[in-house]
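Numbering (my numbering), first residue to last: 1375 to 1840.
Positions of the beta carbon are idealized from the N, C-alpha and C atoms, including for glycine.
Here is the structure we will look at.
Now the structure itself:
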């Protein structure tokens, strides 16, 4: 049961006279909740947790610090006061390349053999961890949360690159220390042309303790002339942020600024700078087809790539045309060829369900084509409906007037007794003229019919055929 449930039903639990109580995530459990579990019958209290990760949340910030320290758990108090404890030293989550960044925090941590044969991250040429450092300055959003637009652009571009190389979006988590940056990255991911309709894991570090994923992209945000790094100074948060990845860990931040402001980050960056060096001002990408390396420094440089390198693809597609895209790792089955004469190659083909790229059609043109639909969804449907109703009324009035003119013409100028077919835009109307007994004639409407189709006529067309 939860600690809240234990507090609520303490009398019921105490009536069971429990002798052993085990509390998981004890480092996050405030001391008051632990004391609730100390029954008279208790003989053995087992606390399981990691005091180097996130602490429990104390609602009153004044009580969380000096001199009360209510934000510190009983588990952490006992460990720091040298009470005997057992510590696990072998990890089964991350590959050694990622684990070495945690050396300043977990000095005695070892790797289990099961983490030594993990698959490498596709499109990275064996670089499964990297610290991309930049000089993009932070700003503040309308809710006074820190954001970094340049860093967010790099994260989104790299996210798209990994997806194009075969990574499932559900296998990638974007972590950040600030909620404003989380919202910015989520918005950019949803608006990206290749990622429409995808689901994304974009969360803050504080809400991701106990979780893990194959690849983690960590956005540090802070970069300013004052050297203020905010939440990044808290060792517990840094520990959680660096220990969530299983196969790939990629950090985006201002490394020089971090080194000047935090000794912990200085040690982390020093560990990643050892051979093989995994830090730099350029993100190293490797094409799977040509083994060509591409170095990315700005977010806009991702737009020139389709998941591979800058070389042209030049491979033959199933329709017989040559692919004019740049090198790409995904199949040609998901590429729409705009040169095809066969409409089935453009629309309605069952295999063309996902379109990563469109030949011969720049992204700006696609955005321009969709603008009318965006205007329609933003309230233009009311005006559109009025215009459509007015247009339909005009067309109906014109069709009816034309029909009446044709009928009157036939009634005035046809010989009595003749049958005349009047062709209107909608049907064939049969008019029979009869004498009115005064030397003239009048038209009598008899009915409508549809002329038979010639046997050699082609099939009828409809809107569904277009």
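Nearest to residue i (by Cα), restricted to the options the options
i            : options                : result
residue 1615 : 1666, 1595, 1580       : 1580
residue 1588 : 1378, 1410, 1467, 1434 : 1467
residue 1575 : 1557, 1601, 1567       : 1557
residue 1683 : 1660, 1767, 1482       : 1660
residue 1629 : 1641, 1538, 1680       : 1641
residue 1586 : 1607, 1593, 1545       : 1545
residue 1625 : 1598, 1593, 1451, 1767 : 1593
residue 1609 : 1481, 1427, 1696, 1690 : 1427
residue 1639 : 1383, 1606, 1387       : 1606
residue 1690 : 1711, 1672, 1646       : 1711
residue 1481 : 1645, 1618, 1408       : 1645
residue 1618 : 1602, 1653, 1550, 1437 : 1550
residue 1408 : 1433, 1379, 1386       : 1379
residue 1415 : 1658, 1377, 1392       : 1392
residue 1387 : 1410, 1401, 1405, 1397 : 1410
residue 1559 : 1543, 1571, 1522, 1572 : 1522
Helix, strand or coil at residue i according to DSSP, with G and I counted as helix
i            : result
residue 1485 : strand
residue 1803 : Because the pLDDT at residue 1803 is just 47, under 50, the model does not fix this residue reliably, and the value given afterwards should be weighed accordingly. Of the three classes helix, strand and coil, the one that applies to residue 1803 here is strand, per DSSP.
residue 1761 : helix
residue 1508 : coil
residue 1776 : helix
residue 1669 : strand
residue 1710 : strand
residue 1690 : strand
residue 1457 : coil
residue 1389 : coil
residue 1606 : helix
residue 1679 : coil
residue 1502 : coil
residue 1463 : coil
residue 1404 : coil
residue 1634 : helix
residue 1430 : coil
residue 1515 : coil
residue 1674 : helix
N-terminal and C-terminal residue of the beta strand (DSSP E) that residue i is part of
i            : result
residue 1446 : Segment: none, residue 1446 is in no beta strand (DSSP E) and carries neither H nor E.
residue 1575 : 1575-1578
residue 1396 : 1394-1397
residue 1623 : 1619-1627
residue 1587 : 1587-1593
residue 1548 : 1546-1550
residue 1421 : 1418-1421
Cβ-based burial, residue i [other Cβ within 10 Å; buried from 16]
i            : result
residue 1631 : buried
residue 1600 : exposed
residue 1739 : Confidence in residue 1739 is poor, its pLDDT being 48 and thus under 50, which makes the residue's placement too unreliable to answer from.
residue 1461 : exposed
residue 1394 : exposed
residue 1506 : buried
residue 1390 : exposed
residue 1443 : exposed
residue 1420 : exposed
residue 1512 : buried
residue 1541 : buried
residue 1424 : buried
residue 1382 : exposed
residue 1635 : buried
residue 1476 : buried
residue 1668 : buried
residue 1448 : buried
residue 1451 : exposed
Contact set for residue i: own chain, Cβ-Cβ below 6 angstroms, skip 5 residues either direction
i            : result
residue 1622 : 1495, 1502, 1589
residue 1563 : 1530, 1569, 1574
residue 1525 : 1510, 1593, 1626
residue 1454 : none
Endpoints, the alpha helix (DSSP H) within which residue i is located
i            : result
residue 1471 : 1470-1473
residue 1533 : 1523-1538
residue 1553 : 1553-1565
residue 1382 : 1377-1382
residue 1641 : 1637-1647
residue 1616 : 1609-1616
residue 1657 : Taken as a continuous stretch (DSSP letters only), residue 1657 belongs to no alpha helix (DSSP H), being part of the beta strand (DSSP E) at 1657-1660.
residue 1437 : 1435-1438
8 angstroms Cβ shell around residue i - same chain, five flanking residues per side excluded
i            : result
residue 1798 : At residue 1798, the pLDDT of 42 sits below 50, so the modelled position is not reliable and the matter cannot be decided from this model.
residue 1685 : 1661, 1664, 1666, 1700, 1701
residue 1493 : 1621
residue 1612 : 1479, 1606, 1638, 1639, 1642
7 angstroms CB neighbourhood of residue i in its chain, flanking five on each side removed
i            : result
residue 1471 : 1502, 1503
residue 1676 : 1531, 1534, 1535, 1670
residue 1727 : Note on residue 1727: pLDDT 40, under 50, position unreliable in the model; no value is reported.
residue 1464 : 1484, 1486
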